[in-house]
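First comes the structure, then the notes that go with it.
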Amino acid sequence: MATSNGEKSLIVSFGEMLIDFVPTVSGVSLAEAPGFIKAPGGAPANVAIAISRLGGRSAFVGKLGDDEFGHMLAGILKQNGVSAEGINFDTGARTALAFVTLRADGEREFMFYRNPSADMLLRPDELNLDLIRSAKVFHYGSISLIVEPCRSAHLKAMEVAKEAGALLSYDPNLRLPLWPSKEEAKKQILSIWDKAEVIKVSDEELMFLTGSDKVDDETALSLWHSNLKLLLVTLGEKGCRYYTKGFRGSVDPFRVNTVDTTGAGDSYVGALLCNIVDDRAVLEDEARLREVLRFANACGAITTTKKGAIPALPTESEVQGLLKGN
(Lines of atoms letter the chains of each structure in order from A and count residues from 1; the text may use other names and numbers.)
(Lines give C-alpha, C1' and ligand atoms only; values in the text may rest on other atoms or scores of the structure.)
Protein backbone atom coordinates (compact mmCIF):
# COMPACT_ATOMS: atom_id res chain seq x y z
CA MET A 1 0.00 0.00 0.00
CA ALA A 2 1.05 3.61 -0.46
CA THR A 3 2.76 5.22 2.49
CA SER A 4 1.01 7.89 4.54
CA ASN A 5 2.80 10.75 2.81
CA GLY A 6 1.57 9.59 -0.60
CA GLU A 7 4.93 8.14 -1.59
CA LYS A 8 4.72 5.11 -3.86
CA SER A 9 5.66 1.74 -2.45
CA LEU A 10 9.03 0.20 -3.23
CA ILE A 11 9.68 -2.33 -6.01
CA VAL A 12 12.95 -4.24 -5.59
CA SER A 13 14.56 -5.81 -8.65
CA PHE A 14 17.11 -8.60 -8.14
CA GLY A 15 19.74 -9.99 -10.51
CA GLU A 16 22.33 -8.93 -13.02
CA MET A 17 23.47 -5.63 -14.46
CA LEU A 18 26.10 -5.59 -17.16
CA ILE A 19 27.55 -3.76 -20.13
CA ASP A 20 26.11 -4.61 -23.53
CA PHE A 21 28.41 -3.87 -26.44
CA VAL A 22 26.36 -3.25 -29.58
CA PRO A 23 27.75 -2.87 -33.12
CA THR A 24 28.08 0.59 -34.60
CA VAL A 25 26.23 -0.68 -37.69
CA SER A 26 23.06 -2.77 -37.87
CA GLY A 27 22.40 -6.11 -39.49
CA VAL A 28 25.87 -7.66 -39.12
CA SER A 29 27.26 -10.59 -37.15
CA LEU A 30 29.55 -9.92 -34.20
CA ALA A 31 32.53 -10.98 -36.28
CA GLU A 32 31.62 -8.54 -39.06
CA ALA A 33 30.98 -5.55 -36.77
CA PRO A 34 33.51 -2.75 -37.41
CA GLY A 35 33.13 -1.37 -33.88
CA PHE A 36 31.00 -1.42 -30.75
CA ILE A 37 29.27 1.09 -28.48
CA LYS A 38 28.86 0.31 -24.78
CA ALA A 39 25.33 0.34 -23.40
CA PRO A 40 24.22 -0.45 -19.82
CA GLY A 41 21.96 -3.50 -19.65
CA GLY A 42 20.74 -6.49 -17.69
CA ALA A 43 17.02 -7.21 -17.51
CA PRO A 44 16.45 -6.71 -13.74
CA ALA A 45 18.30 -3.38 -13.83
CA ASN A 46 16.33 -2.32 -16.91
CA VAL A 47 13.10 -3.05 -15.04
CA ALA A 48 14.24 -0.97 -12.05
CA ILE A 49 15.03 2.01 -14.27
CA ALA A 50 11.80 1.59 -16.26
CA ILE A 51 9.86 1.87 -12.98
CA SER A 52 11.74 4.98 -11.89
CA ARG A 53 11.25 6.67 -15.30
CA LEU A 54 7.50 6.17 -14.90
CA GLY A 55 7.48 7.85 -11.50
CA GLY A 56 7.69 4.71 -9.35
CA ARG A 57 10.10 3.84 -6.52
CA SER A 58 12.64 1.14 -7.27
CA ALA A 59 15.82 -0.41 -5.92
CA PHE A 60 18.29 -2.83 -7.48
CA VAL A 61 19.95 -5.71 -5.62
CA GLY A 62 22.97 -7.35 -7.19
CA LYS A 63 26.75 -7.43 -7.44
CA LEU A 64 29.09 -5.51 -9.74
CA GLY A 65 32.82 -5.60 -10.25
CA ASP A 66 34.86 -3.06 -8.27
CA ASP A 67 36.00 -1.65 -11.60
CA GLU A 68 35.31 1.27 -13.94
CA PHE A 69 32.31 -0.41 -15.53
CA GLY A 70 30.82 -1.48 -12.20
CA HIS A 71 30.97 2.00 -10.73
CA MET A 72 29.65 3.44 -14.00
CA LEU A 73 26.61 1.13 -13.79
CA ALA A 74 25.96 2.01 -10.15
CA GLY A 75 26.12 5.66 -11.17
CA ILE A 76 23.61 5.11 -13.98
CA LEU A 77 21.16 3.57 -11.52
CA LYS A 78 21.50 6.53 -9.18
CA GLN A 79 21.19 9.05 -12.06
CA ASN A 80 17.92 7.37 -12.98
CA GLY A 81 16.53 7.58 -9.46
CA VAL A 82 17.02 3.91 -8.56
CA SER A 83 18.23 3.11 -5.04
CA ALA A 84 21.65 1.44 -5.10
CA GLU A 85 21.57 0.42 -1.42
CA GLY A 86 21.42 -3.24 -2.44
CA ILE A 87 24.56 -3.21 -4.60
CA ASN A 88 27.76 -4.99 -3.58
CA PHE A 89 31.13 -4.65 -5.32
CA ASP A 90 33.52 -7.57 -5.83
CA THR A 91 37.25 -6.83 -5.87
CA GLY A 92 38.17 -10.18 -7.40
CA ALA A 93 35.82 -10.40 -10.39
CA ARG A 94 34.92 -8.11 -13.26
CA THR A 95 31.57 -6.62 -14.21
CA ALA A 96 29.87 -8.85 -16.78
CA LEU A 97 30.08 -7.94 -20.47
CA ALA A 98 27.87 -9.04 -23.35
CA PHE A 99 28.34 -8.47 -27.06
CA VAL A 100 24.92 -8.30 -28.71
CA THR A 101 23.97 -7.89 -32.35
CA LEU A 102 20.81 -8.04 -34.43
CA ARG A 103 21.81 -9.93 -37.56
CA ALA A 104 20.35 -9.30 -41.02
CA ASP A 105 18.03 -12.31 -40.55
CA GLY A 106 16.48 -10.62 -37.51
CA GLU A 107 17.99 -12.99 -34.96
CA ARG A 108 19.89 -11.65 -31.96
CA GLU A 109 23.39 -13.03 -31.40
CA PHE A 110 24.99 -12.96 -27.94
CA MET A 111 28.54 -13.46 -26.71
CA PHE A 112 28.99 -13.24 -22.94
CA TYR A 113 32.11 -12.58 -20.88
CA ARG A 114 31.40 -13.86 -17.35
CA ASN A 115 33.76 -16.58 -16.09
CA PRO A 116 32.97 -15.73 -13.44
CA SER A 117 31.64 -12.18 -13.42
CA ALA A 118 30.86 -10.32 -10.21
CA ASP A 119 27.08 -10.85 -10.41
CA MET A 120 27.59 -14.64 -10.22
CA LEU A 121 29.42 -14.28 -6.89
CA LEU A 122 26.74 -12.57 -4.81
CA ARG A 123 26.45 -14.45 -1.51
CA PRO A 124 23.38 -14.77 0.75
CA ASP A 125 25.24 -13.04 3.61
CA GLU A 126 25.83 -9.97 1.40
CA LEU A 127 22.11 -9.29 0.84
CA ASN A 128 20.62 -6.07 2.19
CA LEU A 129 17.74 -7.85 3.94
CA ASP A 130 16.20 -4.65 5.32
CA LEU A 131 15.88 -3.28 1.79
CA ILE A 132 14.35 -6.53 0.54
CA ARG A 133 11.89 -6.63 3.45
CA SER A 134 10.73 -3.12 2.59
CA ALA A 135 9.64 -4.14 -0.93
CA LYS A 136 5.96 -4.41 -1.84
CA VAL A 137 6.97 -6.15 -5.09
CA PHE A 138 10.08 -8.29 -5.52
CA HIS A 139 11.03 -8.89 -9.16
CA TYR A 140 13.65 -11.30 -10.54
CA GLY A 141 14.78 -13.31 -13.55
CA SER A 142 16.49 -16.68 -14.01
CA ILE A 143 20.10 -15.84 -14.90
CA SER A 144 20.90 -15.58 -11.19
CA LEU A 145 19.93 -19.26 -10.83
CA ILE A 146 22.71 -20.57 -13.10
CA VAL A 147 25.56 -20.94 -10.58
CA GLU A 148 26.37 -20.74 -6.88
CA PRO A 149 26.65 -18.72 -4.73
CA CYS A 150 24.28 -16.37 -6.59
CA ARG A 151 21.59 -19.05 -6.81
CA SER A 152 21.47 -19.37 -3.02
CA ALA A 153 21.39 -15.58 -2.70
CA HIS A 154 18.46 -15.48 -5.13
CA LEU A 155 16.51 -18.13 -3.18
CA LYS A 156 17.24 -16.38 0.13
CA ALA A 157 16.10 -13.00 -1.22
CA MET A 158 12.86 -14.51 -2.57
CA GLU A 159 12.17 -16.18 0.77
CA VAL A 160 12.77 -12.99 2.76
CA ALA A 161 10.65 -10.90 0.39
CA LYS A 162 7.78 -13.38 0.52
CA GLU A 163 7.86 -13.58 4.33
CA ALA A 164 7.65 -9.77 4.45
CA GLY A 165 4.51 -9.83 2.27
CA ALA A 166 5.93 -8.81 -1.10
CA LEU A 167 4.28 -9.80 -4.36
CA LEU A 168 6.74 -12.03 -6.26
CA SER A 169 7.21 -11.17 -9.95
CA TYR A 170 9.17 -13.42 -12.34
CA ASP A 171 10.39 -12.86 -15.89
CA PRO A 172 12.66 -15.81 -16.83
CA ASN A 173 14.41 -13.76 -19.54
CA LEU A 174 15.86 -16.88 -21.18
CA ARG A 175 19.46 -16.57 -22.39
CA LEU A 176 20.40 -20.07 -23.51
CA PRO A 177 24.09 -19.31 -24.24
CA LEU A 178 24.63 -18.77 -20.51
CA TRP A 179 23.28 -22.16 -19.44
CA PRO A 180 25.26 -25.43 -19.54
CA SER A 181 22.40 -27.06 -21.48
CA LYS A 182 18.80 -26.50 -22.59
CA GLU A 183 17.69 -29.18 -20.15
CA GLU A 184 19.37 -27.46 -17.20
CA ALA A 185 17.87 -24.10 -18.21
CA LYS A 186 14.36 -25.52 -18.28
CA LYS A 187 14.83 -27.42 -15.01
CA GLN A 188 16.15 -24.42 -13.06
CA ILE A 189 13.71 -21.89 -14.54
CA LEU A 190 10.82 -24.15 -13.51
CA SER A 191 12.37 -24.93 -10.09
CA ILE A 192 11.02 -21.64 -8.68
CA TRP A 193 7.98 -21.40 -10.95
CA ASP A 194 5.33 -22.13 -8.34
CA LYS A 195 6.57 -19.37 -6.01
CA ALA A 196 5.79 -16.42 -8.30
CA GLU A 197 2.43 -14.65 -8.24
CA VAL A 198 3.01 -12.67 -11.45
CA ILE A 199 4.86 -14.30 -14.35
CA LYS A 200 5.67 -12.81 -17.73
CA VAL A 201 7.03 -14.95 -20.57
CA SER A 202 7.63 -14.21 -24.23
CA ASP A 203 6.10 -16.38 -26.94
CA GLU A 204 9.52 -18.00 -27.51
CA GLU A 205 9.94 -18.74 -23.79
CA LEU A 206 6.45 -20.23 -23.67
CA MET A 207 7.35 -22.68 -26.44
CA PHE A 208 10.71 -23.51 -24.82
CA LEU A 209 9.24 -24.20 -21.38
CA THR A 210 6.28 -26.25 -22.62
CA GLY A 211 7.94 -28.01 -25.54
CA SER A 212 5.00 -26.94 -27.70
CA ASP A 213 5.18 -25.37 -31.15
CA LYS A 214 1.95 -23.46 -30.47
CA VAL A 215 1.32 -20.18 -28.70
CA ASP A 216 -2.29 -20.62 -27.61
CA ASP A 217 -4.41 -20.60 -24.45
CA GLU A 218 -4.01 -24.31 -23.82
CA THR A 219 -0.21 -24.09 -24.02
CA ALA A 220 -0.08 -21.02 -21.78
CA LEU A 221 -2.41 -22.50 -19.18
CA SER A 222 -0.23 -25.61 -18.91
CA LEU A 223 2.15 -23.29 -17.01
CA TRP A 224 -0.55 -22.18 -14.56
CA HIS A 225 -0.11 -22.95 -10.85
CA SER A 226 -2.27 -22.35 -7.80
CA ASN A 227 -0.22 -19.45 -6.36
CA LEU A 228 -0.38 -17.49 -9.61
CA LYS A 229 -2.45 -14.31 -9.84
CA LEU A 230 -1.45 -13.23 -13.35
CA LEU A 231 0.29 -14.99 -16.25
CA LEU A 232 1.34 -12.83 -19.21
CA VAL A 233 2.55 -13.91 -22.62
CA THR A 234 4.12 -11.13 -24.68
CA LEU A 235 3.84 -11.53 -28.44
CA GLY A 236 6.14 -8.77 -29.71
CA GLU A 237 4.43 -6.83 -32.49
CA LYS A 238 1.19 -8.77 -31.82
CA GLY A 239 0.60 -7.41 -28.31
CA CYS A 240 0.08 -9.66 -25.29
CA ARG A 241 -2.21 -12.25 -23.73
CA TYR A 242 -3.23 -12.37 -20.08
CA TYR A 243 -4.54 -15.11 -17.81
CA THR A 244 -5.95 -14.90 -14.28
CA LYS A 245 -8.05 -17.24 -12.14
CA GLY A 246 -11.20 -15.46 -13.29
CA PHE A 247 -10.63 -14.29 -16.86
CA ARG A 248 -8.32 -14.25 -19.86
CA GLY A 249 -7.88 -12.21 -23.01
CA SER A 250 -5.53 -10.29 -25.28
CA VAL A 251 -4.48 -6.65 -25.66
CA ASP A 252 -3.60 -5.19 -29.04
CA PRO A 253 -0.15 -3.77 -29.82
CA PHE A 254 0.84 -0.27 -30.89
CA ARG A 255 2.28 0.30 -34.36
CA VAL A 256 5.64 2.07 -34.21
CA ASN A 257 8.80 2.33 -36.28
CA THR A 258 10.89 -0.39 -34.60
CA VAL A 259 14.65 0.19 -34.45
CA ASP A 260 15.80 -2.12 -31.64
CA THR A 261 13.71 -4.49 -29.50
CA THR A 262 16.26 -4.65 -26.65
CA GLY A 263 14.61 -3.84 -23.33
CA ALA A 264 11.02 -3.81 -24.64
CA GLY A 265 9.98 -6.68 -22.36
CA ASP A 266 11.67 -5.04 -19.37
CA SER A 267 9.87 -1.78 -20.08
CA TYR A 268 6.58 -3.69 -20.27
CA VAL A 269 7.25 -5.39 -16.91
CA GLY A 270 8.26 -2.11 -15.26
CA ALA A 271 5.04 -0.47 -16.44
CA LEU A 272 2.93 -3.34 -15.14
CA LEU A 273 4.58 -3.43 -11.70
CA CYS A 274 4.43 0.34 -11.36
CA ASN A 275 0.66 0.19 -11.83
CA ILE A 276 -0.10 -2.70 -9.46
CA VAL A 277 2.36 -2.13 -6.59
CA ASP A 278 -0.15 -0.03 -4.63
CA ASP A 279 -3.33 -1.55 -6.07
CA ARG A 280 -3.26 -5.34 -6.34
CA ALA A 281 -7.03 -5.32 -6.84
CA VAL A 282 -6.26 -4.48 -10.49
CA LEU A 283 -5.36 -8.15 -10.91
CA GLU A 284 -8.97 -9.11 -10.21
CA ASP A 285 -10.66 -6.41 -12.31
CA GLU A 286 -10.45 -7.20 -16.02
CA ALA A 287 -11.34 -3.74 -17.31
CA ARG A 288 -8.69 -2.08 -15.17
CA LEU A 289 -6.11 -4.77 -15.92
CA ARG A 290 -6.65 -4.27 -19.65
CA GLU A 291 -5.94 -0.55 -19.22
CA VAL A 292 -2.73 -1.33 -17.33
CA LEU A 293 -1.64 -3.80 -20.02
CA ARG A 294 -2.43 -1.28 -22.76
CA PHE A 295 -0.15 1.15 -20.91
CA ALA A 296 2.51 -1.59 -20.64
CA ASN A 297 2.22 -2.38 -24.37
CA ALA A 298 2.73 1.33 -25.11
CA CYS A 299 5.87 1.37 -22.94
CA GLY A 300 7.27 -1.66 -24.72
CA ALA A 301 6.48 -0.17 -28.13
CA ILE A 302 8.18 3.16 -27.39
CA THR A 303 11.27 1.31 -26.14
CA THR A 304 11.70 -0.32 -29.57
CA THR A 305 11.91 3.06 -31.35
CA LYS A 306 15.44 3.85 -30.10
CA LYS A 307 18.69 1.91 -29.86
CA GLY A 308 19.68 0.38 -26.54
CA ALA A 309 17.50 -0.50 -23.57
CA ILE A 310 18.01 2.12 -20.86
CA PRO A 311 18.22 5.18 -23.17
CA ALA A 312 14.95 4.09 -24.79
CA LEU A 313 12.88 3.52 -21.63
CA PRO A 314 9.98 6.01 -21.72
CA THR A 315 8.64 8.56 -19.25
CA GLU A 316 4.99 8.75 -18.20
CA SER A 317 4.38 11.74 -20.51
CA GLU A 318 5.82 9.91 -23.54
CA VAL A 319 3.52 6.95 -22.88
CA GLN A 320 0.49 9.19 -22.46
CA GLY A 321 1.36 10.83 -25.76
CA LEU A 322 1.27 7.50 -27.58
CA LEU A 323 -1.94 6.46 -25.80
CA LYS A 324 -3.73 9.69 -26.77
CA GLY A 325 -2.65 9.30 -30.38
CA ASN A 326 -4.23 5.84 -30.65
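In the working numbering, the protein residues as written are 1280 to 1605. We put the CB at the ideal spot given by N, CA and C, even for glycine.
A direct Cα-Cα distance of roughly 23 Å separates residue 1317 from residue 1362.
The three-state reading of DSSP puts residue 1323 in helix, counting H, G and I together. Below 8 Å, too few C-beta pairs join the region 1351 to 1362 and the region 1566 to 1582 to call them touching: fewer than three. Take the alpha-carbon of residue 1373 and the one of residue 1408: they are about 24 Å apart. The three-state reading of DSSP puts residue 1337 in strand, counting E and B together. Short of 6 Å from the beta carbon of residue 1405, and not among the five residues preceding or following it, lie these beta carbons of its own chain, in chain order: 1367. When the five nearest sequence neighbours on each side are left out, the beta carbons in the same chain lying within less than 8 Å of the beta carbon of residue 1443 are those of 1411, 1412, 1413, 1414, in order along the chain.
Close CB contacts of residue 1551 within its chain, under the 6 Å cut and outside five residues either way in sequence, are with 1575 (chain order). Under the three-state reduction of DSSP output, residue 1533 falls in the coil class, being neither helix nor strand.
In the DSSP assignment, residue 1367 falls within the beta strand (DSSP E) that extends over 1362 to 1369. Contact between residue 1333 and residue 1553 is confirmed by a C-beta separation of about 5 Å, below the 8 Å threshold. Scanning 1605, 1345, 1289, 1569 for the CA closest to the CA of residue 1440 turns up 1289. Separation of the CB atoms of residue 1377 and residue 1299 is rounded to 5 Å, and the pair is thereby assigned contact status at 8 Å. In this structure, the straight-line span from the alpha carbon of residue 1297 to that of residue 1375 is close to 5 Å.
For residue 1402, the three-state secondary structure derived from DSSP is coil. In the structure shown, residue 1372 adopts coil according to DSSP, grouped into three states.
In this structure, residue 1294 sits away from residue 1338, with a CB-CB distance that is not shorter than 9 Å. Between the beta-carbon of residue 1469 and that of residue 1488 there is about 7 Å, and that keeps the pair under the 8 Å contact cut. C-alpha of residue 1498 to C-alpha of residue 1507: approximately 16 Å in a straight line. When DSSP states are grouped into helix, strand and coil, residue 1549 belongs to the helix group. Residue 1306 is bridged by DSSP to 1382. Distance between residue 1464 and residue 1426, taken at the CA atoms: about 11 Å.
In this structure residue 1455 is exposed. Its beta-carbon is surrounded by fewer than 16 other beta-carbon atoms within 10 angstroms.
In this structure residue 1418 is buried. Its beta-carbon is surrounded by 16 or more other beta-carbon atoms within 10 angstroms. Separation of residue 1560 and residue 1590 (C-alpha to C-alpha, rounded to the nearest whole angstrom) is 32 Å. By the CB criterion at 9 Å, residue 1341 and residue 1423 fall inside the cutoff. Around residue 1478, the same chain offers 1449, 1510 as residues with beta carbons nearer than 6 Å, after the five sequence neighbours per side are excluded. Buried is the label assigned to residue 1399, since at least 16 other Cβ atoms lie within 10 Å of its Cβ. Considered as a whole, the region 1404 to 1434 harbours 1414 to 1419 as its complete beta strand (DSSP E) runs of no fewer than 3 residues, in chain order.
Shown here for residue 1504: same chain residues with a beta carbon closer than 8 Å to its own, the five before and five after excluded, namely 1472, 1473 in chain order. Look at residue 1488 here: in three-state DSSP terms it is helix.
Secondary structure note for residue 1498: it is in no beta strand (DSSP E), and the uninterrupted alpha helix (DSSP H) holding it is 1496 to 1500.
Look at residue 1348 here: in three-state DSSP terms it is helix. When rounded, the separation of the alpha-carbon atoms in residue 1346 and residue 1524 is 47 Å. With a 10 Å radius around the Cβ and a threshold of 16 neighbouring Cβ atoms, residue 1534 comes out exposed.
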